[in-house]
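*Asks:*
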Amino acid sequence: LGCPGTLAVGMTVVSAAYFFIGSIGYIRFGDDVQGLITLNLPQDVLSESVKVLVALSILFTYPLQLTATVDVFWPMLRHHFSEKNQDRGYYLVRGTLILGTVLIAISLPHLAPMVSLVGAVGFNGVGLMLPTVTELATYWDQISKPCGFTIIKATAILIVWVFATITGTITSVNSIIDAFTIKV
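Next comes the structure, spelled out in structure tokens:
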């Protein structure tokens with residue numbers, strides 16, 4: 005723990021990598037860039053091997069991403085399994101969650117607009133609004149001035165949250181409508 009923490013360093017590296025790859029993709033393909041950069045690659049052996057490696061990396065790392073989710077729900081589900089079967093139960097719950105989310109993704113014909121909507125509502129709420137409100141609630145007694153830095157910062161973040169949530173939701177809903185509208 006401490007500053008900078010593991011999460012901050014890790015997310016900075018990941019964000020920088022995403023920004024770099026996205027920028028290079030946009031510079032190379034311009035407005036023709038696809039939602040997944042590998043879709044812009046040509047149909048040659050090297051490009052196809054890159055696509056296979058990307059798919060394998062997702063296959064092998066996706067279960068890791070759900071570890072925290074399972075760890076949150078496991079204490080509520082653990083009592084359904086005998087003491088002898090705790091490990092099996094944990095892996096059964098984890099496998100069911102992984103398989104369930106994969107089946108949902110496969111069954112939705114247009115997943116990207118749905119993911120966009122969840123991101124517009126979920127990320128903005130969890131990433132912007134929740135930490136801001138938590139900080140205000142935690143340090144409310146220590147905030148001495150109504151126009152102090154903490155209040156100004158919180159107000160600015162909440163304005164960004166409202167704007168991002170509204171515009172993201174409208175854009176996502178329009179994308180969902182476009183995706184499911186029957187073209188005549």
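In this note's numbering, the protein residues as written are 5 to 188. Glycine is no exception: its CB is placed at the ideal position from the N, C-alpha and C atoms. In this text, all values refer to a predicted model and were calculated from it rather than measured experimentally.
Expressed to the nearest angstrom, what Euclidean distance is found between the alpha-carbon atoms of ARG32 and GLN90?
*Replies:* Looking at the two C-alpha atoms, the distance is approximately 51 Å.
*Asks:* Kindly indicate which three-state DSSP category PRO185 falls into: helix, strand or coil?
*Replies:* Contrary to the premise, residue 185 reads as Thr rather than Pro in this sequence. Residue state, collapsed to three classes: coil.
*Asks:* DSSP on ILE170, reduced to helix/strand/coil?
*Replies:* Helix, per DSSP.
*Asks:* Quick one: Cα of SER53 to Cα of ASP35, how far?
*Replies:* Distance between the alpha carbons of SER53 and ASP35 is about 25 Å.
*Asks:* Could you say if the region 78 to 94 and the region 116 to 136 meet the contact criterion of at least three C-beta pairs nearer than 8 Å?
*Replies:* The region 78 to 94 vs the region 116 to 136: no contact.
*Asks:* Identify which residue in ILE62, ALA158, HIS114 has its Cα closest to the Cα of LEU134.
*Replies:* Answer by Cα proximity: ALA158.
*Asks:* Specify, as a first and last residue, the run of the alpha helix (DSSP H) that ALA116 falls within.
*Replies:* Segment 115 to 122, the alpha helix (DSSP H) holding ALA116.
*Asks:* Could you name the residues of the same chain whose beta carbon sits closer than 6 Å to that of LEU140, not counting the 5 residues immediately before and after it, in chain order?
*Replies:* Here the set comprises ALA158.
*Asks:* Take the Cβ of PRO79 as the centre, count every other Cβ of all protein chains shown within 10 Å, and call the residue buried at 16 or more, exposed below.
*Replies:* Flag for PRO79 reads exposed.
*Asks:* Where ALA275 and TYR66 are concerned, what is the direct C-alpha to C-alpha distance, given to the nearest angstrom?
*Replies:* This structure cannot speak to residue 275, because the chain is shown only from 5 to 188.
*Asks:* Is the Cβ-Cβ distance between GLY39 and ALA124 less than 8 Å?
*Replies:* Going by C-beta atoms, GLY39 is not nearer than 8 Å to ALA124.
*Asks:* Does the distance from the C-beta atom of VAL97 to that of LEU81 stay below 8 Å?
*Replies:* Cβ atoms of VAL97 and LEU81: closer than 8 Å.
*Asks:* Which residues in the same chain have their Cβ closer than 7 Å to the Cβ of ASP48, if we skip the five residues on either side of it in sequence?
*Replies:* Closer than 7 Å at the Cβ level, and outside the excluded window around ASP48, lies no residue.
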